[in-house]
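Working notes for the structure below.
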Amino acid sequence: MIRKLTIVLAACQFAGVAHAQSFVTLAGVVDGGIRYTHTGLGNQYSMNSNGFFTSNRLDFIGKEDLGGGYNAHFRLESGFNLGNGAYDNTNNVAFNRGAYVGLGGWFGSLDFGRQYTIAHDVVYDYDPFNFEYPGITPLTPATAGTRFNNDVKYSRTYGPFRFRAENSFGGVAGDFNAGSARGVGLQYKMGPVNVGGVYIHRSVLSGTTYQPDNYYTLGAALTFGDLRFAGGYMNDNVDVAAPNRDVRTLNYWGGLTYQLTPYTRVGAAYYITDLPNTGGKRSQGLASIAYSLSKQTVLYAEFDYTKFSGTYITNKTLNATQQPHQLAFTVGINHGF
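Going by numbering that gives the first Met the number 0, the first residue of the sequence shown is number 0, and it counts up by one from there.
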């Protein structure tokens with residue numbers, strides 16, 4: 000929940016009563032905590048993070064009422080590390096989390112720029128924690144790249160259905176498909192039921208050549224009062240030229256959250272990442288409690304246990320400690336403004 004500082008600009012026409020209003024909102028989230036991790040190598044305490052409960056970010060959000068039900072809008076979103084004040088990315092990109100502008104109206108919304116993938120938009124509804132603990136659970140980076148550059152994204156709601164489509168331009172001279180991505184998604188929401196799926200075809204750089212990547216995900220959520228169940232499945236397959244094997248990544252997950260009191264929410268979920276072509280597996284269980292001090296401020300604690308096998312032990316890129324087990328505990332405070 001975000002408290003907003005808004006600047007309102009009104010452009011009035013003296014001939015008649017027609018006018019347009021522009022809103023520019025400064026918003027964001029500051030998340031700080033301490034994470035304890037235990038592996039076979041010993042114990043570690045860490046505060047440096049881009050946010051444990053949610054990502055640290057600073058947003059500039061603008062919207063102009065064009066009249067007749069139409070609007071123009073934009074969003075610039077920057078991420079930062081609370082522990083050291085640095086950007087949340089090693090490339091020092093100012094608006095790494097998002098930079099787009101678009102139009103909205105009866106036709107839906109059409110946006111241009113660096114944006115979340117439609118897979119990210121849809122899977123958000125089917126993660127039991129709605130992408131809380133993004134650096135701990137595996138789902139956020141598994142949504143077909145999380146964000147696309149040079150992306151054109153369209154969405155529209157038709158009754159209980161919501162349709163999404165996008166095209167990300169690769170920008171490679173002489174090859175329209177290289178580095179590009181195209182996808183479609185559909186959701187159905189009616190009463191306690193929310194189901195949906197996404198398909199995205201990408202051209203991803205593997206070594207020095209671009210390879211086709213087919214990604215799809217399916218998910219569902221059921222809500223009964225204060226109790227919510229959610230789960231889903233992802234399949235991401237990068238075709239690799241022989242003699243190498245395709246890079247295939249499967250994700251399965253499921254869990255629940257319960258609003259125990261008006262101020263206290265508890266939840267638990269289980270996530271599995273499987274690499275069938277290389278023999279690696281990651282299994283993680285997570286339990287959480289969040290207590291709201293106000294509409295803007297939340298205290299949180301979570302416990303997670305992760306088990307690794309196969310290439311998740313032998314490949315340091317997948318598991319930096321190369322240990323078969325990891326136990327961790329995180330506590331912190333999250334404030335939105």
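We treat Cβ as the ideally placed atom computed from N, Cα and C, and that holds for glycine.
How far does the alpha helix (DSSP H) with residue i in it extend, from its first residue to its last?
{"i": "Val121", "result": "117 to 122"}
{"i": "Ile312", "result": "310 to 313"}
Specify, as a first and last residue, the run of the beta strand (DSSP E) that residue i falls within.
{"i": "Ile271", "result": "263 to 274"}
{"i": "Ala233", "result": "Just to set this straight, residue 233 is Met in the shown sequence, not Ala. Segment 226 to 237, the beta strand (DSSP E) holding Met233."}
{"i": "Ser167", "result": "160 to 167"}
{"i": "Ile288", "result": "279 to 291"}
{"i": "Gln295", "result": "Element bounds for Gln295: n/a, residue is neither H nor E."}
{"i": "Asp212", "result": "208 to 223"}
{"i": "Asn250", "result": "246 to 258"}
{"i": "Gly84", "result": "First-last for Gly84: undefined, no H or E at that position."}
{"i": "Ser48", "result": "Taken as a continuous stretch (DSSP letters only), Ser48 belongs to no beta strand (DSSP E), as it is neither H nor E."}
{"i": "Thr329", "result": "324 to 335"}
If we ignore side chains and look at the alpha-carbon of each, how far apart do residue i and residue j end up?
{"i": "Tyr44", "j": "Asn276", "result": "34 Å"}
{"i": "Leu298", "j": "Gly134", "result": "17 Å"}
{"i": "Phe175", "j": "Val92", "result": "25 Å"}
{"i": "Ala300", "j": "Asp30", "result": "13 Å"}
{"i": "Arg56", "j": "Phe22", "result": "20 Å"}
{"i": "Ser154", "j": "Leu75", "result": "19 Å"}
{"i": "Tyr198", "j": "Pro127", "result": "21 Å"}
{"i": "Thr182", "j": "Tyr123", "result": "For clarity, residue 182 is Gly in the given sequence; the question names Thr instead. Rounded to whole angstroms, Gly182 to Tyr123 spans 17 Å at the Cα level."}
{"i": "Phe79", "j": "Asn88", "result": "8 Å"}
{"i": "Tyr304", "j": "Tyr132", "result": "14 Å"}
{"i": "Gly27", "j": "Val100", "result": "18 Å"}
{"i": "Asp245", "j": "Phe307", "result": "21 Å"}
{"i": "Gly84", "j": "Leu317", "result": "26 Å"}
{"i": "Gly331", "j": "Phe106", "result": "42 Å"}
{"i": "Tyr35", "j": "Gly66", "result": "53 Å"}
{"i": "Gly206", "j": "Leu259", "result": "50 Å"}
{"i": "Phe336", "j": "Asp58", "result": "10 Å"}
Per DSSP, which one or two residues make a beta bridge with residue i?
{"i": "Asn55", "result": "The partner list for Asn55 (beta bridge, DSSP) is empty, contrary to what the question assumes."}
{"i": "Thr38", "result": "Gly41"}
{"i": "Ala180", "result": "Ser167, Arg201"}
{"i": "Phe307", "result": "Arg281"}
Count the other C-beta atoms from every protein chain shown that fall within 10 angstroms of the C-beta of residue i, then say buried if there are 16 or more, exposed otherwise.
{"i": "Leu138", "result": "buried"}
{"i": "Asn49", "result": "buried"}
{"i": "Ala141", "result": "buried"}
{"i": "Met189", "result": "exposed"}
{"i": "Ile33", "result": "exposed"}
{"i": "Ala229", "result": "buried"}
{"i": "Asn193", "result": "buried"}
{"i": "Tyr270", "result": "buried"}
{"i": "Ala119", "result": "The sequence shown places His at residue 119, not Ala. Looking at its Cβ environment, which holds 16 or more other Cβ atoms inside 10 Å, His119 is buried."}
{"i": "Thr136", "result": "buried"}
{"i": "Ser77", "result": "buried"}
{"i": "Ala241", "result": "exposed"}
{"i": "Lys358", "result": "Coverage of the chain is limited to positions 0 through 336, which leaves residue 358 absent and any answer about it impossible."}
{"i": "Asn42", "result": "exposed"}
{"i": "Phe223", "result": "exposed"}
{"i": "Gln12", "result": "Bear in mind that the predicted position of Gln12 carries a pLDDT of just 42, short of 50, making it too unreliable to give a figure here."}
{"i": "Leu285", "result": "buried"}
{"i": "Thr208", "result": "exposed"}
Are residue i and residue j close, meaning C-beta to C-beta below 7 Å?
{"i": "Tyr257", "j": "Asp225", "result": "yes"}
{"i": "Thr320", "j": "Leu109", "result": "no"}
{"i": "Tyr290", "j": "Ala220", "result": "no"}
{"i": "Tyr69", "j": "Gly104", "result": "yes"}
{"i": "Gly184", "j": "Gly178", "result": "no"}
{"i": "Gly357", "j": "Asn129", "result": "With the chain represented from 0 up to 336, any question about residue 357 goes unanswered, as that position is not in the structure."}
{"i": "Arg201", "j": "Ala180", "result": "yes"}
{"i": "Gly279", "j": "Tyr232", "result": "no"}
{"i": "Phe51", "j": "Gly61", "result": "no"}
{"i": "Thr53", "j": "Asn333", "result": "yes"}
{"i": "Tyr356", "j": "Asn234", "result": "Given a span of 0 to 336 for the chain in the structure shown, any question on residue 356 remains unanswerable."}
{"i": "Gly254", "j": "Ala267", "result": "yes"}
{"i": "Val121", "j": "Gly195", "result": "yes"}
{"i": "Leu326", "j": "His37", "result": "yes"}
{"i": "Tyr187", "j": "Pro159", "result": "yes"}
Measure from the C-beta of residue i to each C-beta in chain C and report whether the shortest distance is under 7 Å.
{"i": "Lys315", "result": "The question asks about chain C, but that chain is absent: this structure has only one protein chain."}
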